[in-house]
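Step one of this worksheet: look at the structure below.
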Amino acid sequence: MRAFASDNYAGVHPSIMKEIISVNSDDMSSYGNDPVSEAALELFAKHFGSDAKIFFMATGTATNTLILKHITNSWNSVICADTAHINVDECGAVEAVAGIKIAHAEAVHGKLSVESIAPLLAGRKDVHQSQPAVISITQNTELGTVYTLAEIKAICDYAHKHGLLVHMDGARLSNAAVALGTGFKEMTVDCGVDVLSFGGTKNGCMCAEAAVFINSKIGKDFEFVRKQGMQLISKMRYVGAQFKALLTDELWKENAARANELATLLAHKVQEVSEVKITRPVEANAVFAIVPPHVIPKLQEKFPFYVWDESASEVRWMTSWATTDQDIDNFVSALKTLI
């Protein structure tokens with residue numbers, strides 16, 4: 005079975021699994037005090053600078069939530085797109101654990117802009133209102149679109165001008181970097197991003213995420229937040245091994261490029277079906293489309309995927325590093341047959 009529901013459905017990349025197995029033979033110090041984790045941290049430093057503070061985590065929800073908890077006060081709010089993962093898909097973790105308010109701005113295809121953020125700062129000095137402290141952007145977005153470097157920099161400059169920090173949810177950061185033809189540094193450090201949730205799980209890893217404090221000052225004492233937040237993993241070497249494999253010889257780029265290419269191929273082939281309408285720009289590894297309602301349940305039986313907007317019969321198809329050309333052909337063939 006090949007699923008198109010999420011890149012989370014894909015297995016662990018063989019090179020990453022091999023690295024996990026390679027560190028499974030001897031005893032090593034726990035809680036990240038091991039040579040494997042240290043080697044992985046050195047690789048992160050090459051991408052985000054030697055001053056960045058890196059903390060390995062197990063899940064994206066925990067990474068986003070604990071970062072936001074650490075850089076805010078209880079009277080603060082975080083501004084994000086209405087479709088943002090922290091707003092829609094994290095079961096209220098930010099509100100429950102970080103204890104802050106989420107304020108979502110109008111977004112176009114999942115992307116914020118300075119113009120959409122500005123109205124949320126209008127009453128910022130009013131004691132009766134939650135005070136915005138962070139702007140959170142997702143790269144690439146939940147709608148599969150990608151912020152350009154200029155768009156990221158504009159938001160960061162605006163945020164800093166108004167005393168706000170910028171958090172980037174980078175669950176699919178690798179896909180965005182490939183789409184832009186750039187590296188992680190150019191898309192984050194050089195644009196002014198303060199802190200990043202770096203995703204590995206969706207790009208061939210298994211339970212491997214990282215909090216990257218590019219602005220190292222705001223990362224002070226985060227180790228205590230991570231521990232209290234139950235994300236200090238005892239056998240950290242298994243997470244470090246995954247990042248070591250992912251960031252060596254640009255495996256991250258290879259995996260993401262494959263996923264992006266297959267999404268483009270899928271979009272091209274389904275466009276040949278007159279009853280299918282692509283609804284969002286295909287810029288990374290997601291394809292959104294409107295399909296006849298009667299087709300959806302039967303197609304899902306063979307190829308699991310999510311319905312994004314049931315009222316509009318809009319669905320989301322995701323590709324991953326493991327998707328093949330034959331998977332695309334099989335999917336499109338089944339779609340045509342059902343229609």
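So for the sequence shown, my numbering puts the first residue at 5; every next one is plus one. Ideal Cβ placement from N, Cα and C applies to all residues, glycine included.
Sub-8 angstroms separation of residue i and residue j beta-carbons
i, j, result
"residue 261", "residue 274", "no"
"residue 149", "residue 284", "yes"
"residue 235", "residue 62", "yes"
"residue 142", "residue 74", "no"
"residue 186", "residue 52", "no"
"residue 114", "residue 203", "no"
"residue 197", "residue 217", "no"
"residue 183", "residue 287", "yes"
"residue 56", "residue 220", "yes"
"residue 121", "residue 102", "no"
"residue 17", "residue 259", "yes"
"residue 34", "residue 210", "no"
"residue 81", "residue 137", "yes"
"residue 124", "residue 83", "yes"
"residue 306", "residue 338", "yes"
Spatial distance of residue i from residue j (CA atoms)
i, j, result
"residue 99", "residue 48", "30 angstroms"
"residue 128", "residue 254", "43 angstroms"
"residue 215", "residue 44", "13 angstroms"
"residue 208", "residue 179", "12 angstroms"
"residue 147", "residue 119", "20 angstroms"
"residue 59", "residue 238", "13 angstroms"
"residue 194", "residue 169", "15 angstroms"
"residue 117", "residue 189", "21 angstroms"
"residue 308", "residue 232", "37 angstroms"
"residue 21", "residue 224", "33 angstroms"
"residue 158", "residue 85", "16 angstroms"
"residue 310", "residue 31", "42 angstroms"
"residue 268", "residue 9", "16 angstroms"
"residue 248", "residue 228", "24 angstroms"
"residue 46", "residue 19", "19 angstroms"
"residue 341", "residue 313", "23 angstroms"
"residue 276", "residue 104", "46 angstroms"
"residue 66", "residue 278", "42 angstroms"
Buried or exposed (CB count within 10 angstroms, at least 16 for buried), residue i
i, result
"residue 29", "exposed"
"residue 12", "exposed"
"residue 256", "buried"
"residue 322", "buried"
"residue 302", "exposed"
"residue 205", "buried"
"residue 79", "exposed"
"residue 132", "exposed"
"residue 68", "buried"
"residue 112", "exposed"
"residue 25", "exposed"
"residue 37", "exposed"
"residue 328", "exposed"
"residue 144", "buried"
"residue 5", "exposed"
"residue 77", "exposed"
"residue 166", "exposed"
"residue 298", "exposed"
"residue 23", "buried"
"residue 135", "buried"
"residue 50", "exposed"
"residue 201", "buried"
"residue 95", "exposed"
Expected contact under 8 angstroms - CB spacing of residue i and residue j to nearest Å
i, j, result
"residue 343", "residue 296", "6 angstroms"
"residue 290", "residue 14", "Actually they are not in contact, since the Cβ atoms of residue 290 and residue 14 sit about 14 angstroms apart, beyond 8 angstroms."
"residue 41", "residue 244", "3 angstroms"
"residue 71", "residue 164", "Incorrect: roughly 17 angstroms between the Cβ atoms, too far for contact."
Residue i Cβ short of 7 angstroms to the ligand GDP heavy atom set
i, result
"residue 333", "Looking for the ligand GDP in the displayed structure turns up nothing, as the structure carries no ligands at all."
- At which residue ranges does the stretch 48-83 contain complete alpha helix (DSSP H) runs of 4 or more residues, listed in the order of the chain? Counting whole runs of 4 or more residues, the stretch 48-83 contains the alpha helix (DSSP H) stretches 64-74.
- Task: Pick out the complete alpha helix (DSSP H) segments inside the stretch 214-241, 4 residues or longer, and give them in chain order.
- Result: Taken in chain order, the complete alpha helix (DSSP H) segments of 4 residues or longer contained in the stretch 214-241 are 226-232.
- Segments of 3+ residues assigned as beta strand (DSSP E) that fall wholly inside the stretch 170-210: Listed in chain order, the complete beta strand (DSSP E) runs (minimum 3 residues) inside the stretch 170-210 are 199-203.
- Item | Whole beta strand (DSSP E) elements within the stretch 245-329, 3-residue minimum | Within the stretch 245-329, the complete beta strand (DSSP E) runs of at least 3 residues are 290-294, 310-313 and 318-322.
- Query: Enumerated in chain order, which unbroken segments of the beta strand (DSSP E) with a length of 3 residues or greater are wholly contained in the stretch 86-112?
  - Reply: Within the stretch 86-112, the complete beta strand (DSSP E) runs of at least 3 residues are 105-109.
- Message: So within the stretch 17-51, which uninterrupted alpha helix (DSSP H) runs reach at least 4 residues, ignoring any that extend past its ends?
- Response: Annotation note: the stretch 17-51 contains the following uninterrupted alpha helix (DSSP H) runs of length 4 or greater, listed N- to C-terminal: 18-26.
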